[in-house]
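To start, the structure itself, in structure tokens.
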Amino acid sequence: MTWMTTEVRAPGDAAAAGASQRASSTHRWTGSAERVFRESRAASACARLCSAPDPGRQKQSGLPCPVTRAGHGAINVYCRSCLLCPGAVRPHGRAVLPRPGAVLPRRQRARAAAGSAPARHPAGPARSRRCSCRHLCRVRPRAVAMVFRCQRDSWARQFATRVVSCQAAELRPEGGGEPVRGFQVVLEDTILFPEGGGQPDDRGLIGDVPVLRVTRRGPEAVHFVPAALEPGAEVLLSLDWERRFDHMQQHSGQHLITAIAEQMFGFKTTSWELGRQRSLIELDTPSVTAEQVKALERSVNEKIRDRVPVTVRELAAGDPEIERVRSRGLPDDHVGPVRVVDIEGIDSNMCCGTHVSNLSDLQVIKLLGVEKGKKNKTNLIFLVGNRVLKSVEQSHSTEKALTSLLKNGPGEHVEAVKRLQSSVKLLQKNNLNLLRDIAVLIARDFKSKPAPRQLFVLHRKEGDSEFMNIIANEIGTEETLLFLTVGDEKEAGLFLLAGPVEAVENLGPRVAELLGGKGAGKRDRFQGKAAKMSRRGEVEALLQEFISHRSPEVQALKLLQSQLEELNGAVEPQWGTTGVGVSHHSGQTSFLHHPQSMPQPCTQELILHPTAQASRTLELTS
1 MTWMTTEVRA PGDAAAAGAS QRASSTHRWT GSAERVFRES RAASACARLC SAPDPGRQKQ
61 SGLPCPVTRA GHGAINVYCR SCLLCPGAVR PHGRAVLPRP GAVLPRRQRA RAAAGSAPAR
121 HPAGPARSRR CSCRHLCRVR PRAVAMVFRC QRDSWARQFA TRVVSCQAAE LRPEGGGEPV
181 RGFQVVLEDT ILFPEGGGQP DDRGLIGDVP VLRVTRRGPE AVHFVPAALE PGAEVLLSLD
241 WERRFDHMQQ HSGQHLITAI AEQMFGFKTT SWELGRQRSL IELDTPSVTA EQVKALERSV
301 NEKIRDRVPV TVRELAAGDP EIERVRSRGL PDDHVGPVRV VDIEGIDSNM CCGTHVSNLS
361 DLQVIKLLGV EKGKKNKTNL IFLVGNRVLK SVEQSHSTEK ALTSLLKNGP GEHVEAVKRL
421 QSSVKLLQKN NLNLLRDIAV LIARDFKSKP APRQLFVLHR KEGDSEFMNI IANEIGTEET
481 LLFLTVGDEK EAGLFLLAGP VEAVENLGPR VAELLGGKGA GKRDRFQGKA AKMSRRGEVE
541 ALLQEFISHR SPEVQALKLL QSQLEELNGA VEPQWGTTGV GVSHHSGQTS FLHHPQSMPQ
601 PCTQELILHP TAQASRTLEL TS
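In full-length UniProt numbering, the protein residues as written are 1 to 622.
Here it is as structure tokens:
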């Protein structure tokens, strides 16, 4: 009996073998003959790929396909045999997929569904019982849901795959701001980890297009890129390895710290955070002593020196083993097997993240101490691996700089800094006293002038808000409007507007706007920060204009005009420069009016009494 199969291939394998076009031929397979490639070179190239060295541990092979870190043979993500049971006993490792639409007998349908070819094969020399992955795949069999290539091989740095879909979308930056326009790309599989389980997402390239964000949407990993990619196109994924390995170290380190902390002290982990500079574990305890932190750090580093293996396994959803695994629960949309990370003899934890394969890969763990967390919680701060080395390097650079500045050895740095702090405090105290004395002298000088002005403006490079308030208190704000500023004109500074309540409430917000700053006030004071100190001249012009319109002479003239208009037939004042004279005497303002129709000696004196309560009195004398 003969039936047709469509030869299928992995995009990465085909790219490595240089046979992406040749490997799509249609072959026949019979019960008496072994399945073969029409192009033997494609098969031999795929076989060479399986034994390629590991890019995570050895020199880069240059092949655009993933290989295992051990170097003894790659797990072909497109091979159903490898996916379902890596290294299992399967003759020839065959995985024959029927041509789409083909109708097969029941037994062959069962065999095809199981992912294996019939066991019988022609007699010959014994063959390797490991899957040779010598078949190429055009369509990736989704053998396992919600498990990506990055989770099966955390050490793969490059990977060839195919674009499934590309849709226009927007990405909102983490720190806020305008959304970035781009595209959401879904691939057949990916080595870029989507954020989850407390671990941030990976970065990398799809071809030469940078990946800005990777998120999970159900069983798919969505890659946000700034340029469109053609669906169906074969692409090469490149991983930002430095970022990935850092996340692997911190995540596996968190598993180890969590397990040992619970074993030694009974502290359970309620959450954790992988930060950019440091990471923290939230422990369900109100306090952790310094002695406990030291003991915990010593224990976890002993486990690292013991080179304890770390393995990843997948359990069926109904497996009773899941009940014995530490877990914080599964996502609501999870389907398929459950992924478990085991630290041999120490911990088994349900996790979706990427991890090292041995605790020795962590290098070292440093516990920086504890901080008070949420209610009855304690945050344990830690660094793992390369972050510890970077921290030591930074501390050493700081130590060298302090040695140069303080002119003494590292052991004397603390005492030298204490002496400097004492000197600075004394100088600050003396400086504050001097500024207070200067403020009092400035205010007294202004008040000593025979004709005090209605506007006082002062700017000093040195000073603070207390300096400005001392001047305002000494001068008084009942009759004088004060505008005071301190700071460098090229940088931000402080301002104070003080004076009559009505004037301050009216002008305060306008002054802050002109200075490009913000402020607040109460009654006769309005103060704040100024970003544009160079615009002080504009503020002074605004205040001068306000004062000129609020002067007693101008206000009295306006009031006089309005009252004369009410007289109906009374002589209207002439608003010429020679027709009206203004004088002050005995607490009242007098306006001398010389009508042009009258002889020069004849005058009219209009006396306005500003102290009248119910109404103002206008007297006309001649």
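Using N, Cα and C, we set each Cβ at its ideal position, and we do this for glycine too.
Just so you know, these numbers come straight off a predicted model, no measurement behind them.
Going by beta-carbon coordinates alone, are residue i and residue j separated by less than 7 Å?
i	j	result
D201	T161	no
F467	A512	no
G528	G537	no
V340	V325	yes
L458	L432	no
V364	V392	no
R535	L514	yes
E174	R181	no
E314	P337	yes
V225	F183	yes
V486	L497	no
T378	V288	yes
T354	F193	yes
R216	G196	yes
R152	R203	no
L406	A416	yes
Any idea which residues DSSP pairs residue i with across the strands?
i	result
I343	V310, D347
Q167	Q184
residue 624	Limits of the chain in this structure are 1 at one end and 622 at the other, which puts residue 624 out of reach.
E273	L280
S238	Q158, L205
T480	Bridge partners of T480: none, in fact.
H549	Answer by DSSP bridge pairing: none, since H549 is not bridged.
L458	L484
R215	First, the amino acid is wrong: residue 215 is Thr here, not Arg. Note: T215 sits in a beta bridge opposite V222.
Q199	G196
Figure out for me which residue from the options has the closest Cα to the Cα of residue i.
i	options	result
Q254	A233, L283, F265, P231	L283
G516	P210, K366, R525, E491	E491
A295	V235, P320, E262	E262
E474	K461, F456, S287	F456
T270	G198, S360, V293	G198
F546	A503, M533, P226	A503
K532	E489, T354, P179, V211	E489
E291	I304, F265, G275	F265
D240	I304, V211, G373	V211
S299	I346, V424, L274	I346
L434	A416, G463, L420	G463
S154	V370, K429, C352, S465	C352
Where do the ends of the beta strand (DSSP E) carrying residue i lie?
i	result
T378	378-384
F245	Where F245 is concerned, there is no enclosing beta strand (DSSP E), although the alpha helix (DSSP H) it sits in stretches over 241-265.
I191	It is not in any beta strand (DSSP E) - I191 carries neither H nor E in the DSSP assignment.
E371	365-372
Just to confirm my understanding: we take residue i, look at its own chain, exclude 5 residues before and 5 after, and list those with CB closer than 7 Å. What are they?
i	result
I470	R436, A439, V440
V356	M248, Q249, S252, V310, L362
T258	T269, I281
residue 631	Residue 631 lies beyond the range of the chain shown here (1 to 622); nothing can be said about it.
S128	Low confidence applies to S128: its pLDDT is 39, below 50, so where it sits in the model is not reliable, and the reading given next is rough at best. So no residue of the chain qualifies.
T403	G409, P410
R213	L171, D201, F224
N301	V364, I365
For residue i, collect the residues of the same chain with a Cβ closer than 8 Å to its Cβ; drop the 5 residues on either side in sequence, then sort them by chain order.
i	result
S597	Caution is warranted here: a pLDDT of 43 is assigned to S597, below 50, making its placement in the model unreliable, and no coordinate value can be reported.
L187	T161, R162, V163, V164, I206, A221, H223, V235, L237
G499	T477, T480, L481, L482, D524
R278	L368, I381, F382, L383, R387
S348	R324, V325, R326, V340, V341, D342
P231	V163, V164, S165, C166
L330	V338, M350
Closer than 6 Å by C-beta to residue i: which residues in its own chain qualify, once you throw out the five before and the five after it? Chain order, please.
i	result
E297	L367
F267	A261, L283, T285
residue 663	Since the first residue of the chain shown is 1 and the last is 622, residue 663 is not available in this structure.
W272	G198, Q254, I281
Between which two residues does the alpha helix (DSSP H) carrying residue i extend?
i	result
R426	Sequence inspection shows Leu at residue 426; the Arg mentioned does not correspond to that position. Looking at the DSSP string, the run of the alpha helix (DSSP H) that includes L426 is 413-447.
I322	Per DSSP, I322 belongs to no alpha helix (DSSP H) and is neither H nor E.
A221	Careful: A221 lies outside any alpha helix (DSSP H), inside the beta strand (DSSP E) at 220-225.
V300	290-305
R152	149-152
S465	465-475
N506	501-514
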